[in-house]
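Here the sequence shown stands for residues 25 to 225, numbered as in this note's numbering.
Just below is one structure, and these are the notes that go with it.
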Amino acid sequence: MTSPQAYHDQEQKILAGLQSGGPQRRIYEKQLYDHFHYLIGEGMRKYSLPAEESASAYSDAIISVIDNIVHARFEGRSSLKSYTYQIFLNKCVDIKRKTTTNKGRVHQTYSIDSLLTLLPDNARNIVQQLIDNSNRSLLQKSLADLGEKCKQLLLLFEDGYSDKEIATELQYNSADVVKVSRRRCMEKLKEKMLPLNRFYE
């Protein structure tokens with residue numbers, strides 16, 4: 025069994041390695057991923073998540089932790105273990121909330137339709153067409169601008185393919201690589217969709 029001091033020393037080594045950057049950073053990213061890998065089981069027990077969803081939440085959490093460490097947003101006020109654990113739990117909650125939201129989509133659509141019925145006929149038709157056409161046109165253009173690999177990845181994910189299946193389909197090295205790539209593609213897509221988001225704020 026690893027002693028508390030050895031465990032602490034290992035965390036400090038990972039932190040220093042991530043903060044130093046350079047080509048060695050990937051080594052410490054892998055060490056961080058392996059260090060708290062047991063949390064996947066915690067997500068399955070605590071939130072009744074399937075193994076794949078808990079692993080997905082864990083991968084997302086590790087990406088966030090690495091990003092926060094590299095950009096000096098991790099201030100060290102808690103241990104790396106506590107910090108990672110909290111972010112992981114938040115990711116698990118997000119997945120549970122997303123599942124609940126998806127189940128309520130029919131009701132959500134009905135609410136939007138109800139609001140539109142309050143408008144005069146001519147205004148309602150114009151607003152509805154504007155929303156539909158603007159979203160569809162900008163989304164299609166934004167996807168095309170991302171490049172073929174990103175476009176295929178996001179469309180497969182939207183169609184319900186798992187990260188593992190996408191890795192096989194698009195010849196990525198692993199599901200974890202797909203996870204990181206999907207996150208980057210989504211960030212690019214959000215940036216390209218920003219003009220429309222601001223229009224509706």
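Where a beta carbon is used, it is the ideal one built from N, C-alpha and C, also for glycine.
Provide the residue span of the alpha helix (DSSP H) that contains residue 56, from first to last. Segment 49–59, the alpha helix (DSSP H) holding residue 56.
Residue 197 (DSSP reduced to helix, strand or coil): In this structure, residue 197 counts as coil in the three-state DSSP scheme.
Mind checking if residue 94 is an interface residue toward chain C, Cβ cutoff 9 Å exclusive? In summary, chain C is missing from the structure at hand, where a single protein chain is found.
Nearest by alpha-carbon distance to residue 208: which of 170, 85 and 97 is it? The candidate whose alpha carbon is nearest that of residue 208 is 170.
Are the CB atoms of residue 111 and residue 88 within a distance shorter than 9 Å? Closer than 9 Å, so yes.
For residue 96, name the three-state secondary structure that DSSP assigns. Reduced to three states, the DSSP call for residue 96 is coil.
By alpha-carbon positions, which one of 180, 49, 176 and 33 ends up nearest to residue 90? The option with the nearest alpha carbon to residue 90 is 49.
Start and end residues, alpha helix (DSSP H) containing residue 69: Annotation: the continuous alpha helix (DSSP H) that includes residue 69 extends over 63–71.
Classify residue 117: buried if its beta carbon has 16 or more other beta carbons within 10 angstroms, exposed otherwise. Around the C-beta of residue 117, fewer than 16 other C-beta atoms lie within 10 Å, and the residue is accordingly described as exposed.
Pairing CB atoms from the stretch 80–87 with CB atoms from the stretch 189–205, are three or more of them under 8 Å? Enough Cβ pairs lie closer than 8 Å, so yes.
Report yes if the C-beta of residue 172 is less than 8 Å from at least one heavy atom of the ligand HEM; otherwise report no. Absence of the ligand HEM is noted for the structure shown, with no ligands found whatsoever.
Please classify residue 46: does DSSP put it in a helix, a strand, or coil? Here DSSP, grouped into helix, strand and coil, assigns residue 46 to coil.
Buried or exposed, going by whether 16 or more other CB atoms sit within 10 Å of the CB of residue 108? With 16 or more other Cβ atoms from the protein chains shown falling within 10 Å of its own Cβ, residue 108 counts as buried.
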